[in-house]
Amino acid sequence: MKIKEMSGYLPDKYGKFAPEAFRDSGIPVCSFPFKVDKLPEGTKDLAITLIDYDAVPVCGFPFIHWLATGFGPVTAVEEDSSRADKDLIQGENSFGSKFYPDYGVNITQHYGGPMPPNCDHDYTLTVFALDEKLDLSNGFYLNELMKAMKGHVLAEDSTEILAKS
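This is the structure:
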């Protein structure tokens, strides 16, 4: 399995420079589309993580922007699926941290787009092909996703997505 390469910068509408129509409480909320090639035989579902490891020097921890599963065995994830696809089970992102105001689940349990404060950041998108649907509920945490996936990952791939500061 391979994530199809996204060249150049993440388009503005998915990050820091998103127009107001693609924001909620100032946070970019329109998730970007992506494609994967060659799902392994037996794939029943996908899970994804979008994490900013370049955030560590800024805030002291890797910043989670999106956790989701429930896509089914698809090779294309559509634009704005975080808000539009009601079958997705989405985890708690870092906007739900005690260091932020109470944004509510429309932001904390959905895609919260990149907004690098200090310089351009690389965001790591990882896609996991799974042999079953995971028993998770909306609001799960990254550690719960990792535990639920143990023994069920048929393949995984990661790619770096560059976002403008």
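Per UniProt numbering, the sequence shown starts with residue 1, numbered consecutively. Glycine is no exception: its CB is placed at the ideal position from the N, C-alpha and C atoms.
Remark: C-beta atoms of K44 and K133 approach each other more closely than 8 Å.
In the DSSP assignment, L145 falls within the alpha helix (DSSP H) that extends over L142 to M149. By the CB criterion at 8 Å, S31 and I89 fall outside the cutoff. Between A18 and H121, the C-beta gap is not smaller than 8 Å, which leaves the two residues out of contact.
DSSP lists K35 as the beta-bridge partner residues of A76.
In this structure, the alpha-carbon of Q109 lies about 30 Å from that of E41. At a Cβ-Cβ threshold of 8 Å, N143 and G112 do not count as neighbours. Taking all protein chains shown into account, P101 has fewer than 16 neighbouring C-beta atoms within 10 Å of its C-beta and is therefore exposed.
At a Cβ-Cβ threshold of 8 Å, S81 and T124 do not count as neighbours. In this structure, DSSP gives K2 an extended state, which the three-state scheme calls strand.
Taking all protein chains in view, the Cβ of V127 is crowded by 16 or more other Cβ atoms within 10 Å, so the residue is classified as buried. DSSP assignment within the segment 82-117 yields no whole beta strand (DSSP E) run of 3 residues or more.
For V56, the enclosing alpha helix (DSSP H) begins and ends at V56 to C59. Nearest neighbour of F61 by Cα position, chosen from D24, I161, F95 and V77, turns out to be F95.
Y123 is bridged by DSSP to I161. Rounded to the nearest whole angstrom, the C-alpha separation of A155 and G26 is 35 Å. A129 places its beta carbon less than 8 Å from that of M1.
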